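Inspection log for the structure reproduced underneath, given as structure tokens.
Structure, rendered in structure tokens:
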């Protein structure tokens with residue numbers, strides 16, 4: 003006798019639900035996420051939260067699906083994605099002290115020792131952060147009257163908090179309360195689809211020790227730490243079509259994860275945007291997680307003026323075999339893209355790197371204002387067999403500190419480096435390329451790059467500088483002659499369309515590159531088209547101009 007196992011669908015409504023209901027129809031929904039988190043599910047089951055509703059609870063995934071039958075957490079109804087808050091709404095302020103026009107307001111949520119941060123009017127507040135954790139420094143005002151207006155403060159391990167608001171009682175405020183928004187720990191074959199997470203607290207989305215978990219179609223914003231993380235040897239997990247923004251530190255991160263995880267079609271921005279923010283403050287990061295990929299993502303506008311201790315908008319650290327492909331990286335406070343530590347066999351391909359060091363020399367610690375930095379970490383780090391191919395470096399050079407460059411390759415073990423088919427465009431503030439090597443350059447491939455700038459030092463090679471008009475030549479003093487590198491270099495206008503997101507039909511970049519094994523350009527179009535590979539991230543499609551996606555515009 004054959005038996006069939008049928009999957010169930012469960013409905014959850016915070017407004018008209020009841021945990022005593024069956025949960026198996028929109029008319030009999032459950033109410034709480036605690037009910038969901040404490041229930042066991044079977045492969046193929048779906049748990050749907052009602053749209054336009056808010057839960058001030060954590061969602062803990064309790065069961066695994068199976069291959070072809072994932073357990074899916076999604077939504078039903080009409081309107082906005084359901085929302086999970088890591089905060090508790092608080093209104094009961096008392097005036098603690100006043101001095102002249104200064105008004106310091108006091109609040110308390112009994113037994114909430116996680117009240118280190120807050121959000122007001124939908125946005126995270128500048129905070130004298132009151133807890134100790136990785137990448138977080140303890141700071142406190144000298145006294146309450148020394149607090150700045152509209153700054154928040156909660157003493158370490160206290161359930162009391164203060165807010166300076168000189169204009170009067172602040173009213174409703176979201177106080178950090180929970181350690182996690184959505185947690186998937188040790189599970190397989192799970193999908194989280196279209197459930198937003200908001201507010202300071204701990205991690206908003208935590209995927210730990212998992213396989214085949216996909217998180218997609220959601221926003222995660224205003225965390226007091228990193229936003230979303232894959233960690234703990236997780237493999238084959240995916241973050242897709244997510245927005246992560248206004249986090250104190252990096253928006254989306256892989257940390258000590260396993261292999262074959264992918265971050266794709268995601269946008270991360272405005273992390274580290276408050277004057278009290280610290281930590282990496284990047285958009286995307288991979289740390290100690292080999293053989294993973296960031297692709298087709300948009301990273302932009304991280305950091306703030308006067309920032310300290312900031313990292314790259316996209317960083318790869320101690321993670322060999324990783325790739326960053328087809329990403330737009332725009333308006334970075336410091337470095338745009340970094341491979342540091344043991345990052346051998348990594349690839350940066352078909353990216354647009356537009357504007358870095360946008361706050362100039364205001365960065366006061368750990369500055370390295372490069373478009374792409376290959377190196378960093380321990381001086382013994384191995385970064386050999388790295389490919390920097392078909393990227394556009396544009397609008398850089400906001401700082402004139404010596405040695406910074408659109409592409410900086412530091413003094414490390416970097417044999418087998420390939421730098422080819424890149425466009426360096428309008429980066430007049432400093433060098434286009436600054437390259438050093440412990441191993442020498444004999445087995446490097448440095449060719450078929452385009453340089454477009456007015457004048458000045460363009461390449462520094464093992465400490466020897468070459469001006470723009472001394473790159474290509476057949477006599478001593480020219481880069482190509484002295485170093486035996488630079489074959490196929492083009493000195494001049496690459497001829498990009500007006501928004502700088504494609505090639506004109508008469509561009510010298512067309513068919514002028516070398517084949518480096520990639521099959522898609524920045525826009526996801528086939529490579530090669532025509533007689534060969536084009537230089538830069540855009541493969542000319544043979545006379546038919548394809549309009550790029552809305553919003554991807556680069557200005558001179």
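In the working numbering, the protein residues as written are 3 to 558. For every residue, glycine included, the Cβ atom is placed at its ideal position computed from N, Cα and C. Owing to the predicted nature of the structure, the values given are computational and were not obtained by experimental measurement.
In the DSSP assignment, the alpha helix (DSSP H) including residue i goes from what residue to what residue?
i, result
"residue 182", "Unbroken run through residue 182 is the beta strand (DSSP E), 182-187; no alpha helix (DSSP H)."
"residue 36", "35-39"
Report the rounded CA-to-CA distance for residue i versus residue j, giving the unit in angstroms.
i, j, result
"residue 123", "residue 397", "35 Å"
"residue 155", "residue 48", "41 Å"
"residue 374", "residue 41", "47 Å"
"residue 211", "residue 188", "5 Å"
"residue 270", "residue 483", "43 Å"
"residue 314", "residue 337", "5 Å"
"residue 247", "residue 382", "35 Å"
"residue 386", "residue 412", "12 Å"
"residue 560", "residue 487", "Residue 560 falls outside the range modelled here, since the chain spans only 3 to 558, and no answer is possible."
"residue 99", "residue 208", "39 Å"
"residue 343", "residue 321", "8 Å"
"residue 231", "residue 436", "33 Å"
"residue 292", "residue 479", "41 Å"
"residue 352", "residue 393", "5 Å"
"residue 66", "residue 26", "19 Å"
"residue 457", "residue 63", "58 Å"
"residue 166", "residue 116", "19 Å"
"residue 347", "residue 517", "17 Å"
"residue 217", "residue 37", "21 Å"
"residue 23", "residue 32", "6 Å"
"residue 51", "residue 500", "45 Å"
"residue 339", "residue 195", "29 Å"
"residue 452", "residue 265", "30 Å"
"residue 465", "residue 438", "7 Å"
"residue 388", "residue 350", "8 Å"
Helix, strand or coil: how does DSSP classify residue i here?
i, result
"residue 483", "helix"
"residue 506", "coil"
"residue 471", "helix"
"residue 148", "helix"
"residue 297", "strand"
"residue 516", "coil"
"residue 413", "coil"
"residue 211", "coil"
"residue 76", "strand"
"residue 333", "strand"
"residue 137", "Bear in mind that a pLDDT of 44 at residue 137, under 50, signals an unreliable position, so the model cannot answer this."
"residue 525", "coil"
"residue 16", "coil"
"residue 24", "coil"
"residue 101", "strand"
"residue 176", "strand"
"residue 460", "strand"
"residue 190", "strand"
"residue 531", "coil"
"residue 455", "coil"
"residue 406", "coil"
"residue 302", "strand"
"residue 385", "coil"
"residue 492", "strand"
Could you give the residue range of the beta strand (DSSP E) that holds residue i?
i, result
"residue 354", "354-358"
"residue 264", "264-266"
"residue 95", "Unbroken run through residue 95: none, as it is neither H nor E."
"residue 1", "Any property of residue 1 remains undetermined from this structure, which presents the chain solely from 3 to 558."
"residue 376", "374-376"
"residue 395", "394-396"
"residue 325", "325-327"
"residue 391", "389-391"
"residue 121", "120-122"
Can you find a CB in chain C that lies within less than 8 Å of the CB of residue i?
i, result
"residue 101", "Here there is only one protein chain, and chain C is not present."
So what does residue i bridge to, in DSSP terms?
i, result
"residue 318", "288, 341"
"residue 30", "None; residue 30 has no bridge partner."
"residue 205", "182"
"residue 85", "56, 198"
"residue 11", "48"
"residue 165", "107, 154"
"residue 498", "505"
"residue 129", "154"
"residue 115", "Residue 115 is not bridged to any residue."
"residue 466", "463"
Using a Cβ-based criterion (distance less than 7 Å to any ligand heavy atom), does residue i qualify as near the ligand PLP?
i, result
"residue 114", "Questions concerning the ligand PLP fall outside what the structure shown contains, since it holds no ligand whatsoever."
Entirely within the stretch 36-71 and at least 3 residues each: give me those beta strand (DSSP E) ranges in chain order.
48-52
Starting from the N-terminal side, write out each stretch of the beta strand (DSSP E) that is 3 residues or longer and does not extend beyond the stretch 420-449.
420-422, 425-427, 433-437, 447-449
Which ranges does the beta strand (DSSP E) cover as unbroken runs of at least 3 residues, wholly within the stretch 217-285, from first to last along the chain?
230-233, 240-247, 254-257, 264-266, 269-271
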